[in-house]
Structure formats: C-alpha cells, structure tokens
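Everything on this sheet refers to the single structure shown next.
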Amino acid sequence: MKTILVLSCLIAVCTAYSVQEDMLERHNKDRRRHKVGALVTSSKLVGISQTCANRNAKRNKNAHDCPASKGYGENLSWSYDSKGVPDEKAAVKTAYTGWYNESKDYN
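With UniProt numbering, letter number 100 in the sequence shown gets 100, and the count goes up by one each step, no holes.
And the structure:
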C-alpha cells in the first residue's frame with residue numbers, strides 16, 4: 001500500500017467556521033472507514049499550504065508549481081459561483097468529494 005501525503009490548498013475566506021478542521025475531519029472519517037490511522041494538523045504544512053494558496057490567488061491561477069511545496073503532494077481545488085466566493089462548507093465538501101473519488105485510481 002502506498003502512503004500518500006496530502007497537502008490540501010483550498011482558497012476561501014475564513015470565518016468562525018474552520019475549513020482546516022472540516023477538511024481534517026472528512027479525511028479522518030474516511031481513513032477510519034479504511035482502517036488506517038488518523039491524520040493530525042501540521043503547522044509546517046499549514047504554512048506551506050497558505051503560502052501556495054496566496055501565491056495562486058495573487059496570480060489568479062490554480063497551479064501545481066509552488067516552490068514552497070516541493071517534495072510534498074498537492075491537491076488543489078478552486079471554487080466559485082455566480083455570486084463570487086461560494087459557501088465555505090459547500091466548497092470543502094465539493095473539493096474533498098472530488099479528491100476522495102480519485103481513490104479508486106490508487107491502492
């Protein structure tokens with residue numbers, strides 16, 4: 001079985017709702033289902049993720065070319081709707097579901 005380090009970048013405006021906590025909870029729920037250990041938050045990876053998200057937002061580009069994330073995997077998602085920035089919870093759900101659905105391509 002391959003071990004995959006997931007570095008998640010989600011561009012959203014944060015309020016009292018925590019995108020980071022929601023994403024971690026979703027990952028760990030599915031990890032329990034697959035009988036693998038839980039992930040924990042890494043302040044180092046959070047910092048790298050934010051650096052890359054800021055870089056992508058500044059360039060208005062969603063790209064896997066952030067120098068800060070060299071050596072780490074990246075799962076990127078960019079959400080918007082006709083009103084601008086979407087509801088954060090909906091954006092997290094959409095991003096996570098899309099990434100999780102790719103699991104059929106891995107062992």
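Note that beta-carbon positions come from the ideal geometry of N, C-alpha and C, so glycine has one too.
What residue ranges within the UniProt domain "SCP" (24–107) form continuous beta strand (DSSP E) runs of no fewer than 3 residues, ordered along the chain?
Correct list: 75–77.
For V40, count neighbouring Cβ atoms within 10 angstroms of its own Cβ and tell me buried if that reaches 16, exposed if not.
Within a 10 Å sphere around the beta-carbon of V40 sit fewer than 16 other beta-carbons, which makes this residue exposed.
Roughly how many angstroms separate the alpha carbons of A38 and K83, rounded to a whole number?
Spanning the two alpha carbons is a distance of roughly 36 Å.
Between the segment 50–58 and the segment 26–34, are three or more C-beta pairs nearer than 8 Å?
No contact exists between the segment 50–58 and the segment 26–34.
Would you check if the segment 90–103 and the segment 72–81 touch, i.e. whether three or more CB-CB distances between them fall below 8 Å?
Judged by pairs of C-beta atoms under 8 Å, the segment 72–81 touches the segment 90–103, as three or more such pairs exist.
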